Every structure is written in structure tokens, then in C-alpha cells.
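Asker: Shown below is the structure under consideration.
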Ligand code: NAD
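Numbering (the working numbering), first residue to last: 64 to 532.
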């Protein structure tokens, strides 16, 4: 069995012991064995990391675009050399099947970081408005707090953008999947970036996360995770008027119009809903189908879901891994148990492997748009199918959500784009348009505040100054 024990935080350009001797065990959700640990950090560790980030800020903020670009290019090279190890560690700590881990959990953050190395090398945007010169400057020390479902991507989306903008960072990754972030710290060590520009402190949300969110030395908190924690972080930052950006939950709609390629729309839709075992904030967990194709879509979705191979994430045949934890599995099973809609695939009695935190891919049809499974983020492989009669009704059902993160529309091009424009959500894929890692990413309503990725993501970490002449 692989063991990965990390006993230090990465602070001020070195691995340093934690103020606490306590450790947090890291479980493999397939074998259900604890195979590693990290320090259970403390507010004192956060103080040290914030001091290091503050000390590094002036130098990094005033570095030239060429210097910052070169530094991030070195970081990208060092991280790319660890791509296989990243996929392996995410497979161990999260249970993502290896093929998907390589493409998404390792490949995507590398693409995002390469983009930020390029953006860092360009001069900060300036413009003239009347007698004013308008300049963009780094906001300061950034506290980054991330969840477990895409452990490195969510980290790099913040760290890459913040560093490219000239900010310095204190990161707290999820205590469920903290090991991947150490590979990033190792890459920082190898790439020889200035000490203190990036600091890693591991620990729980209540101990380390809230210390970062409430720290007077942190100028901005960038958070990805649940809506509940996002609200707590906003409260903590409000007392000192610190900026907060939030990437939160979702309950996205996949709208299949009557002139859609139904077979493609359903197959791609089911794949999207169950990516990473449904633990994806952008998952299209509500499939809205025009009544003309409804029965066909339900049958095909059920058949597609039932065809998934569940098993060992390191087995090439596995399409669906376990959920991240026993608690997550129980939470997802609770939603299935309480659902009153028509079960057409999966469910609590469907066969799953004898070990690991598995839930069978589950599809409900005839789902009431106001019911719990249509309204709450389940974060597991559970799909709700809902019929509609015309475009207006489809839009109304899609927008009947407290969330607004992602979505999809299938149909003839112009009509599908017209429906996409009416959805109150941060991103819409039309007829299978692929995810763009350089386009702005973020939510409407309770899905968040602010945008990540690409140039929009960098702008979040900047202040704007007007100089009058
Ligand atoms: P979570 O909110 O429980 O935890 C996220 C992070 O916040 C963890 O590092 C945790 O330790 C920390 N935390 C917990 N309590 C805290 C507190 N009081 N103060 C400061 N930090 C605290 O979320 P999770 O269970 O790790 O992730 C799942 C959730 O994340 C889902 O709701 C999902 O939709 C959301 N998510 C959103 C996006 C997005 O980009 N919109 C991406 C991925 C996940």
C-alpha cells in the first residue's frame, strides 16, 4: 500500500513544522484505508504564513511582467513533470478513475497554469478616461480556501491567477484531499519562486479556514466550496471589509428542445451529470426534455446510467469511482431514499462493489421541479428528468433554482442560443460546446460572486486606481 505522510506546512519558501503535533488522516475512498496524513494546522500556523505572504508582497507586486511570467513558466514546468503523480494521488485520495484523473485532475490545472504564465508576462491593463489614467494593481495577500472534488484545479485557478496579478497567497486545501497541494508546493520549491509568494497550511475549516477568512493581514479571500461555508466566510471577511470571491454550488439544467439531436444530448448529458461520480459543481443534474422526446430520453438515460462500470479507480475498465467519503455516500443515499419520483435506474438496492463508498448511478423520471432532488445540490451520481411543453416552460423550470452556475441547451443553433441567453446562469454549453478553460467561470444567484479562469479570473485579484492629470 502506498503511504504518503506529510508533516510540515510550506511557508516562506521552506517546509516548516506545524505548531500542532496533531495530524489529519487521509482515507482512500475505494480501499477505505487511511494511507496518509497532513498536519492539523492552527491559527498560529496561519499567522506565520500570512506574515511570509505580506513580506513577499512588495517584491512580487513590483516584479516586471517578464519576471513574473518567467517564474510561472518555471512553476508550470515543475508541475508538468509531476502530472502522473498528480493523477495517482488524486486517484488515491479522491477515487477518480485514473484515465479521468489524468485528463481532468492533472491536465486541466496544467492548461490553466500555462495560460496564467502567458497572462503574467503581459503588462497590466491601463486605459485613459478623460484626464484620468486608469491602472490595475494587485489587491494584496490572498487567502485561498478550496474543496475536495477537483483538488488541484480549484487550487491552481486561484493561485495561478493571484500570482499572475502580482498577489501573494496563503492556501488551505480541503482536509479530505490535501495531498495534491503538496505536489504544488514541491513544484514551487523546484521552480525557485521568491520565498513567501505561495504558502500552504493544511487543517480543518473551523481551525485554519476561519483563521484565514478572519485574518487582518489577508486582503482578499477566494473560496470554492459549499454555499453554507461561503456565507460563513463572507461574514468573517465583512468585519474588516475584505473582498471575497465565491465559487459555490450548482443545480444546472440540461435543456433538450424538440429539434435537438436527442440521442447525443442524452448521452452527453448523462456523462456530464455523472463526471467525477457526480461530485462536480457544474454537473447538469436536471435533464429537461421536450415532451415529444420524453419517453425516448428517459429510456436512453436509464440505459446509459445502467451501463457504467463501477470499481477500482486504478482499473482501466472503471468509469465511475466511489464517492469521496462515507459521509458523502450517506448524504447522497439520503436524497435517494427521500425521493418520491419514478426510479428508472440505480437506487439504493442496485449492486455496487463490496468495498468503497459507492452509490449506483441513479436516474429519476417525472421529477417535480420543486421537489428536493430537483432543488438541492446532491453531489453524487443522481439525475432528475423533468418534461416540458415549450421553450418558455423550459426556461421557467431551468431558472426555478437558487443556483445558477452552468447549464446546456440542445436544439437548432439560433433557437438554442436564444434559450441559452434566457438562462440565469454563469455558463451555458450549446449543442455540446466544450468547456473553455480561458472563459470566465462563476455563478449567478447562490452559485457565487466573481469569476475565475482566464483574464477575467486575473482581474478578480486586482484593484483599480484612477490617476488624474
Ligand atoms: P465545504 O464548504 O465543506 O469546504 C470547502 C473548504 O472550506 C474546505 O477546505 C473546508 O475545510 C473549508 N471550510 C469549512 N468550513 C469553513 C469555515 N467555517 N471557514 C473557513 N473555511 C471552512 O465544501 P466541500 O464539501 O469541500 O465541497 C463541496 C462543495 O463545493 C459543493 O457544494 C460544490 O458545489 C462546491 N464546489 C463549487 C465549485 C465552484 O466552482 N462553483 C467547485 C467545486 C465545488
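Even for Gly, the Cβ is constructed at its ideal location relative to N, Cα and C. Nothing here was measured: the structure is a model prediction, and the numbers come from that model.
1. Helix, strand or coil for residue 123 per DSSP?
2. The alpha helix (DSSP H) spanning residue 215 covers which residue range?
3. Quick one: what's got a C-beta closer than 8 Å to residue 493's C-beta in the same chain, skipping five residues either side?
4. Spell out a yes or no on whether the stretch 451-458 and the stretch 297-305 are touching, meaning 3 or more CB-CB pairs, one atom from each, closer than 8 Å.
5. Mind checking which residues open and close the beta strand (DSSP E) that includes residue 306?
6. Quick check: the Cα distance between residue 515 and residue 220, rounded to an integer number of angstroms?
7. Can residue 287 and residue 72 be called in contact, C-beta distance under 9 Å?
8. Just curious, the beta strand (DSSP E) that residue 192 is in, first and last residue?
9. So residue 92 and residue 279 are supposed to be a Cβ contact under 8 Å. How far apart are they, rounded?
10. Would you check whether the ligand NAD has a heavy atom nearer than 8 Å to the C-beta of residue 275?
11. For residue 428, which residues of its own chain have a beta-carbon under 7 Å away from its beta-carbon, when the five flanking residues on both sides are left out?
12. Between the C-alpha atoms of residue 240 and residue 329, what's the straight-line distance to the nearest angstrom?
13. Report the rounded CA-to-CA distance for residue 340 versus residue 419, giving the unit in angstroms.
14. Given 8 Å as the limit, tell me if residue 262 has its C-beta closer than that to any heavy atom belonging to the ligand NAD.
15. Hey, is residue 332's beta-carbon within less than 9 Å of any beta-carbon in chain B?
16. Tell me whether residue 358 is buried or exposed, calling it buried when 16 or more other Cβ atoms sit within 10 Å of its Cβ.
17. Would residue 430 be called buried (16 or more neighbouring beta carbons within 10 Å of its own) or exposed?
18. Tell me whether residue 208, by its Cβ, gets closer than 8 Å to a heavy atom of the ligand NAD.
19. Do the stretch 518-531 and the stretch 313-323 touch if we need at least three Cβ pairs shorter than 8 Å?
Answerer: Per the coordinate set shown:
1. helix
2. 214-228
3. 471, 472, 473, 476, 479, 480, 483
4. no
5. 306-310
6. 7 Å
7. no
8. 189-192
9. At roughly 37 Å, the Cβ-Cβ gap does not stay under 8 Å, so residue 92 and residue 279 are not in contact.
10. yes
11. 361, 404, 405, 407, 448
12. 32 Å
13. 13 Å
14. no
15. As a matter of chain content, chain B is missing from the structure shown, which is built from one protein chain.
16. exposed
17. buried
18. yes
19. no
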